[in-house]
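The structure appears below as structure tokens.
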Amino acid sequence: MATECKPTTGWSRRFSLRALLVAVMVVCLISAWTAARLKKLQTEQRITSMCIRLGASISLTGEDRGWIKGLHFSNPTTLNDEHLMRLAKLEHLEVLHLNQTQVTGAGLEALADFPALRELHVNEWQLTPRGIQHLEELNQLRTITFWGLPSNDPRVVQVLQSLPNTNYD
Numbered sequence: 020m021a022t023e024c025k026p027t028t029g030w031s032r033r034f035s036l037r038a039l040l041v042a043v044m045v046v047c048l049i050s051a052w053t054a055a056r057l058k059k060l061q062t063e064q065r066i067t068s069m070c071i072r073l074g075a076s077i078s079l080t081g082e083d084r085g086w087i088k089g090l091h092f093s094n095p096t097t098l099n100d101e102h103l104m105r106l107a108k109l110e111h112l113e114v115l116h117l118n119q120t121q122v123t124g125a126g127l128e129a130l131a132d133f134p135a136l137r138e139l140h141v142n143e144w145q146l147t148p149r150g151i152q153h154l155e156e157l158n159q160l161r162t163i164t165f166w167g168l169p170s171n172d173p174r175v176v177q178v179l180q181s182l183p184n185t186n187y188d
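Numbered by the numbering used here, the letters in the sequence shown go through residues 20 to 188 in order.
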């Protein structure tokens with residue numbers, strides 16, 4: 020019994036090429052997403068190393084992603100304005116304690132680049148006119164603390180009036 024071989028039609032070849040093209044596109048998209056995620060993880064790893072060298076306590080997200088959620092610089096540290104600019108790459112950072120750091124009022128400008136920042140703790144001496152100006156632009160904040168200042172200090176009142184959705188802790 021002989022079987023017949025049917026020639027391949029142009030339609031099935033086109034379908035196969037389309038399927039191959041779709042498969043290649045999917046693989047490219049997955050590869051690009053993976054590369055972008057890997058780059059973010061490498062950036063976080065470099066920043067984590069810097070923060071550990073500077074004496075920070077680090078809190079991670081509870082999810083398996085392990086993004087940095089909180090940084091606590093409470094012991095005297097050499098963290099300065101330049102370091103703070105580097106920390107702005109931490110897209111998931113929600114809590115930042117800048118107690119006993121060398122960050123100046125001018126350096127607080129970098130906080131505008133922290134999209135997820137919800138809680139901020141700063142020192143009294145960082146509340147220069149320029150520092151206050153930068154803090155007044157942080158509408159995403161929900162809690163702010165000024166170490167060494169009572170809640171009725173004019174500088175605290177000025178910042179809180181600009182941030183009506185922010186609690187003073």
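Positions of the beta carbon are idealized from the N, C-alpha and C atoms, including for glycine. Since the structure is predicted, the reported quantities are computational estimates derived from the model, not experimental observations.
Just to confirm my understanding: we take residue i, look at its own chain, exclude 5 residues before and 5 after, and list those with CB closer than 6 angstroms. What are they?
i: L146; result: R174
i: G74; result: N94, T96
i: S192; result: Outside the shown range of the chain (20 to 188) lies residue 192, about which nothing can therefore be said.
i: V46; result: none
Please list, in chain order, all residues of the same chain as residue i whose beta carbon is under 7 angstroms from its beta carbon, the five residues on each side excluded.
i: F165; result: V141, E143, L146, V175
i: L103; result: V122, G126, A129
Thinking residue i and residue j are a contact (beta carbons under 8 angstroms), I'd like their distance in whole angstroms, please.
i: E113; j: H153; result: 18 angstroms between Cβ atoms; not a contact.
i: I87; j: T67; result: 7 angstroms
i: L160; j: T185; result: 5 angstroms
i: R37; j: M69; result: That pair is no contact at about 49 angstroms.
Could you spell out where the alpha helix (DSSP H) holding residue i opens and where it closes?
i: L154; result: 148-154
i: V178; result: 173-181
Identify the continuous beta strand (DSSP E) that holds residue i and give its terminal residues.
i: L115; result: 114-116
i: T164; result: 162-166
i: E138; result: 138-142
For residue i, I'd like the list of residues in its chain whose CB is within less than 8 angstroms of its CB, leaving aside the five on either flank, ordered along the chain.
i: A131; result: H153, E156, L157
i: I151; result: G124, R174, Q177, V178
i: K59; result: E110
i: P148; result: G124
Between residue i and residue j, is the Cβ-Cβ spacing less than 9 angstroms?
i: L98; j: T120; result: yes
i: L179; j: T162; result: no
i: L115; j: G89; result: yes
Spell out whether any CB of chain D is found under 9 angstroms from the CB atom of residue i.
i: P169; result: No chain D appears in this structure, which consists of one protein chain only.
Checklist entry - At which residue ranges does the region 70-111 contain complete beta strand (DSSP E) runs of 3 or more residues, listed in the order of the chain? => result Taking only runs of at least 3 residues, the beta strand (DSSP E) segments lying wholly in the region 70-111 are 76-79, 87-91.
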